[in-house]
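Q: Quick one: the structure is below, questions incoming.
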Amino acid sequence: MRDVREALMIARNSEGKLVRRPLSPHIQVYRWPISMALSILHRASGVALGVGTLLLTWWLVAAVSSDDVFEQAQWFMGSPIGLLLLFGWSVALIFHFFSGIRHLVWDAGIGFDAPTYSTSGWGVLIATGVCTVLVWVVGLMTW
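Right, dumping it as structure tokens:
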């Protein structure tokens with residue numbers, strides 16, 4: 102008895118001859134182009150910014166509420182979970198900023214050839230990393 106999957110591998114080419122179809126790209130073989138990955142990350146960072154803004158709003162409301170409420174908010178922000186959330190929010194903010202600049206350049210019609218969009222994509226990632234580290238080093242030194 103033949104395996105059904107084997108039957109699904111058979112197809113006809115444009116000349117009508119039977120041929121074996123290739124397998125679908127597998128996760129270990131297929132690599133996402135940098136622009137596709139960054140486009141998805143740009144959208145995800147936008148969602149993360151929305152969620153992170155709720156944290157910022159809570160902190161600001163606590164600041165105008167009372168000293169006790171603000172102390173609780175400050176304690177949470179200084180806790181390991183709070184610092185992790187702040188770090189993630191800052192990465193999302195900085196990445197979204199640089200990725201947005203990249204999109205603005207594209208809106209001007211510049212940088213659509215393959216080497217340029219690949220280079221600008223890596224530039225966004227490098228700039229995000231460098232600026233995030235800089236912000237956190239300065240922030241922790243002044244804390």
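The sequence shown begins at 102 in the working numbering and counts up one residue at a time. The beta carbon of each residue, even a glycine, is placed where N, CA and C say it ideally should be. In this text, all values refer to a predicted model and were calculated from it rather than measured experimentally.
Does the Cβ of V225 have 16 or more other Cβ atoms within 10 Å, making it buried, or fewer, making it exposed?
A: One-based indexing of the sequence shown puts residue 225 at position 124. Under this definition V225 is a buried residue.
Q: Taking only the alpha-carbon atoms, compute the straight-line gap between S221 and V170 and give it to the nearest angstrom.
A: As a working note, residue 221 is residue 120 in the sequence shown. As a working note, residue 170 is residue 69 in the sequence shown. About 44 angstroms.
Q: Specify the secondary structure class of R132 as computed by DSSP and reduced to three states.
A: By one-based count along the sequence shown, residue 132 stands at place 31. Residue state, collapsed to three classes: coil.
Q: May I ask which residues mark the beginning and end of the alpha helix (DSSP H) holding I227?
A: For the purposes of this step, residue 227 is taken as the residue at position 126 of the sequence shown. Per DSSP, I227 belongs to the alpha helix (DSSP H) from 215 to 243.
Q: Using DSSP with H/G/I as helix, E/B as strand and the rest coil, what is I141?
A: Here residue 141 is taken as the residue at index 40 of the sequence shown, counted from 1. Three-state DSSP puts I141 in a helix.
Q: If you draw a straight line from the C-alpha of C232 to the C-alpha of V192, how long is it?
A: Along the sequence shown, one-based indexing puts residue 232 at 131. Along the sequence shown, one-based indexing puts residue 192 at 91. Cα to Cα, the separation comes out at about 9 angstroms.
Q: Pop quiz: S115 and Y218 are said to be a contact at Cβ under 8 angstroms. What is the actual Cβ separation, rounded to whole angstroms?
A: Taking the sequence shown and counting its residues from 1, the one referred to as residue 115 is at position 14. Taking the sequence shown and counting its residues from 1, the one referred to as residue 218 is at position 117. S115 to Y218, Cβ: 32 angstroms. No contact.
Q: Measure the beta-carbon distance from F196 to T229 and round it to whole angstroms, keeping in mind my assumption that it falls under 8 angstroms.
A: Taking the first residue of the sequence shown as 1, we reach residue 196 at position 95. Taking the first residue of the sequence shown as 1, we reach residue 229 at position 128. That belief holds up - the Cβ atoms of F196 and T229 are roughly 4 angstroms apart, short of 8 angstroms.
Q: A209 to T154, Cα distance in whole Å?
A: In the sequence shown, the residue the question calls residue 209 occupies position 108. In the sequence shown, the residue the question calls residue 154 occupies position 53. When rounded, the distance between both Cα atoms is 30 angstroms.
Q: Is it the case that the Cβ atoms of S200 and L139 are separated by a distance below 8 angstroms?
A: As a first step, residue 200 is located in the sequence shown; it is residue number 99 there, counting from the start. As a first step, residue 139 is located in the sequence shown; it is residue number 38 there, counting from the start. In contact: S200 and L139 (Cβ atoms closer than 8 angstroms).
Q: Just mark R203 as buried or exposed, buried being the case when its beta carbon has 16 or more other beta carbons within 10 Å.
A: As a working mapping, residue 203 is identified with position 102 in the sequence shown. Per the 10 Å Cβ criterion, buried.
Q: Rounded to the nearest angstrom, what separates L61 and W207 at their Cα positions?
A: Residue 61 is absent from the structure shown; the chain starts at 102 and stops at 244.
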